[in-house]
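**Q** Position in the sequence shown (first residue = 1) + 11 = the working numbering.
Ideal placement from N, C-alpha and C gives every residue a C-beta, glycine not left out.
I'd like to ask you about the structure that follows.
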Amino acid sequence: MNVLRSIDDIRSQVRQWRQAGLRVGVVPTMGALHKGHLSLVEAALLGCDRVVATIFVNPLQFGPADDFRIYPRDEATDARKLDEKGCHALFAPSEAEMFPDGITALKDFKTVVHVSQLTEGLCGAFRPGHFDGVTTIVAKLFGIVQPDAAYFGEKDYQQLLVIRRMCRDLNIPVEVVPVPTVRESDGLAMSSRNQYLSPEERHIAPLLYQTLRGVAERLTAGDDKLDSTLSNARRALLDAGFTKVDYITAADVETLEPLESLKRLKSGARVFAAAWLGQTRLIDNVPAT
Ligand code: PAF
């Protein structure tokens with residue numbers, strides 16, 4: 012696998028592939044790769060002739076109280092995993108390569124990509140600026156790599172919809188491909204942040220998925236007391252040892268409008284939650300219809 016660090020190098024590599032008529036997929040990541048990321052690479056290898064993974068811990072999407080400085084970084088291990096999977100290239104730029112003006116805070120950027128509405132609820136309500144940081148960096152990565160397709164996990168379902176909307180609205184010719192969440196055997200969604208959990212927190216963590224499943228089953232069975240189902244679910248998480256629940260809610264799969272305020276479901280529903288175990292924020296979601 013080729014490891015490329017400069018924008019010129021990755022551009023000319025991808026240009027060469029595309030001139031040869033090959034379809035190129037990209038898997039954008041922040042590293043600390045786990046089986047969830049590797050399933051994105053697998054999906055990309057199935058759908059494309061050449062696959063580029065990117066590793067860049069993006070300062071723009073972290074808030075001041077977030078874990079940017081301590082975010083796990085181990086490029087050598089990541090590169091080995093990607094190589095073993097059959098990934099063709101890794102683009103791992105430095106901060107100076109991505110931000111030549113030395114600007115690493117969103118507020119100082121001259122150009123920011125903002126997707127409205129979809130970013131307002133769920134995580135967007137609790138992480139101001141986060142999705143602007145994501146869309147701005149992903150737009151840059153798409154402009155740099157110029158792939159045919161990009162692969163994103165459904166664990167970050169809101170991110171997936173936001174990026175898809177950005178491509179649609181800005182006519183960015185990249186097919187955004189969703190890939191199902193990969194879970195540990197006890198149901199916990201794979202996440203780079205799971206490694207922050209203490210053994211005790213790790214024991215409690217799968218309850219997030221079980222709780223979401225419980226709400227989804229009730230919804231599917233035609234629950235007409237959604238408000239109390241959701242408040243019981245929140246209470247169950249807190250009773251089990253979750254320290255804070257940012258949200259647990261059911262929403263339309265396309266618009267992310269909460270079901271409680273929707274007269275009619277447009278396409279289907281998913282149940283979403285974000286909850287804290289100590290210093291670690293976990294998110295997850297499951298389909299409900
Ligand atoms: O999902 C992630 O790891 C990040 O948000 C992404 C898409 C790589 C942008 O930094």
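#1: With 16 as the cutoff for other CB atoms within 10 Å, does A136 come out buried or exposed?
#2: Which of helix, strand or coil does DSSP assign to I155?
#3: Taking a contact to mean a Cβ-Cβ separation below 9 Å, would you say P189 touches F163 in this structure?
#4: When every heavy atom of ligand 1 is checked, does at least one fall within less than 8 Å of the C-beta of K81?
#5: Please indicate yes or no: does the CB of I148 lie closer than 8 Å to some heavy atom of ligand 1?
#6: Taking only three categories from DSSP, how would you classify A161?
#7: In three-state DSSP terms, what is Y220?
#8: Consult DSSP for T40 and reduce its assignment to one of helix, strand or coil.
#9: Kindly give me the distance between the Cβ atoms of F253 and A286, rounded to whole angstroms, as I take these residues to be in contact under 8 Å.
#10: Using a Cβ-Cβ cut-off of 6 Å (strictly less than) and excluding sequence neighbours within five positions of F79, which residues of its own chain qualify?
#11: Would the beta-carbon of M41 be found less than 8 Å away from any heavy atom of ligand 1?
#12: According to DSSP, is K255 part of a helix, a strand, or is it coil?
#13: With DSSP as the reference, identify every bridge partner of A286, one or two as the case may be.
#14: Look up P269 in the DSSP assignment and give the residues it is bridged to.
#15: Does the beta-carbon distance from D257 to C134 come in below 9 Å?
#16: Can you tell me whether I114 is buried or exposed? The criterion is at least 16 other CB atoms within 10 Å of its CB, across all chains shown.
#17: Determine the DSSP secondary structure at P75, reduced to helix, strand or coil.
#18: Looking at the strands, I want to know which residues DSSP matches up with V14.
#19: If contacts are defined as beta-carbon pairs under 8 Å, then G36 and C59 qualify, I think. What distance do you get, rounded to the angstrom?
#20: According to DSSP, T147 sits in a beta bridge with which residue or residues?
#21: I'd like the ranges of any alpha helix (DSSP H) spanning at least 4 consecutive residues and lying wholly in the region 201 to 246.
#22: Taking the alpha-carbon of P104 as reference, which of G97, P39, K121 and Y82 has the nearest alpha-carbon?
#23: Nearest to Q157 by alpha carbon, out of I18, E265, N13 and M41?
#24: Which residue from L288, R91 and R213 puts its Cα closest to that of K255?
#25: According to DSSP, is A108 helix, strand or coil?
#26: Please determine, among D159, T192 and T231, the residue with the shortest C-alpha to C-alpha distance to T300.
**A** In short, the structure shows the following:
#1: Per the 10 Å Cβ criterion, exposed.
#2: Helix at I155.
#3: Taking C-beta atoms as the reference points, P189 and F163 count as a pair closer than 9 Å.
#4: Residue 81 is actually Ile in this sequence, not Lys. Proximity of the beta carbon of I81 to ligand 1 is not indicated: no heavy atom of the ligand is located closer than 8 Å.
#5: I148: yes, Cβ under 8 Å from ligand 1.
#6: A161 sits in a strand when the DSSP states are folded into three classes.
#7: Judged by DSSP in its simplified three-state form, Y220 adopts helix.
#8: The answer is strand: DSSP assigns T40 an E or B state.
#9: Indeed they touch by this definition, with Cβ atoms about 5 Å apart.
#10: Cβ contact annotation for F79 (same chain, cutoff 6 Å, sequence separation greater than five): P70 and F73, in chain order.
#11: For M41, the distance from the CB to the nearest heavy atom of ligand 1 is below 8 Å.
#12: Looking at K255 - three-state DSSP - the assignment turns out to be strand.
#13: For A286, DSSP records a beta bridge to V256 and L293.
#14: Paired residues: A262.
#15: In contact: D257 and C134 (Cβ atoms closer than 9 Å).
#16: Exposed, because fewer than 16 other Cβ atoms sit within 10 Å of the Cβ of I114.
#17: Here P75 sits in coil by DSSP.
#18: Per the DSSP secondary-structure output, V14 pairs in a beta bridge with L101.
#19: Their Cβ separation, rounded to whole angstroms, is 3 Å, which keeps G36 and C59 in contact under 8 Å.
#20: Here T147 is not bridged, per DSSP, to any residue.
#21: Qualifying alpha helix (DSSP H) stretches, in chain order: 210 to 215 and 218 to 231.
#22: Minimum Cα distance to P104 is reached at P39.
#23: Distances from the CA of Q157 to each of I18, E265, N13 and M41 were compared; the closest alpha carbon is that of I18.
#24: Nearest option by C-alpha distance: L288.
#25: The sequence as given places Glu at residue 108; Ala does not occur at that position. If DSSP states are grouped into helix, strand and coil, E108 belongs with the helices.
#26: The option with the nearest alpha carbon to T300 is T231.
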